[in-house]
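Engineer:
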Amino acid sequence: PPPPPPSLLPLLFLPFISLIAALVINLMAHYLPTTQNLSRAWQQMWPSHGDPMEPTPPSHPSRFPHTRWLLRILAIWIASFAVLWQATSADTLAQKLTLAGIGLYLLLIALIDLDHHLVLNRVLVVSAPILVGLSLMGLLPSLPMALAGSLLGLVLFGLMAGIGRGAMGMGD
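Counting from 1 along the sequence shown, just add 919 to a position and that's the residue number in my numbering.
(1) Hey, could you find the ends of the alpha helix (DSSP H) residue 1077 is sitting in?
(2) Go ahead and pull the three-state DSSP assignment for residue 1054.
(3) Please confirm whether residue 995 and residue 941 have their CB atoms less than 7 Å apart.
(4) Put residue 955 into one of helix, strand or coil per three-state DSSP.
(5) Would the beta-carbon of residue 1028 fall within 7 Å of that of residue 1044?
(6) What residue from 938, 943, 934 has the CA that sits closest to residue 1024's CA?
(7) Take the Cβ of residue 968 as the centre, count every other Cβ of all protein chains shown within 10 Å, and call the residue buried at 16 or more, exposed below.
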């Protein structure tokens, strides 16, 4: 008999789940690099308190004051959707959750780096034992694939450091 058709129910919830992921990632990108509490970061994340992307209010009011905020949320939503869509291609639920978690984690690091030019130790230190555990459980790529990815990263970062002065900081 032919295999049953794939269920569309998880795919129908994917846009909603990715929107929630986008809002949580945006909140964490505002909260983690600062010393403010989570409720203050939540309040500053919304455009009613001014554009969170601008440190000072503009000298002239804009006709579309929240455009940048909306574009940021839309971009994070699209990236979260792409990560979660890719994660649905994995074979087992554990692999799907691993791919989704790592993809959203890397998206968080990218946002913090874009906003603050930092990759926070407290984000990296928490992830290290989790990634080692996932590796020991066989949920991450094999050692040869990990080494190939590391070599590719070294080459790309080396090119950036060689081409543009100041393109790479000491932490990179």
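A virtual CB, placed ideally from N, CA and C, is assigned to each residue, including glycine.
Structural biologist: Per the coordinate set shown:
(1) 1062-1082
(2) helix
(3) yes
(4) coil
(5) no
(6) 943
(7) Legend: pLDDT at residue 968 = 49, less than 50; position of this residue unreliable, value from coordinates given subsequently. Exposed, by the Cβ-count rule.
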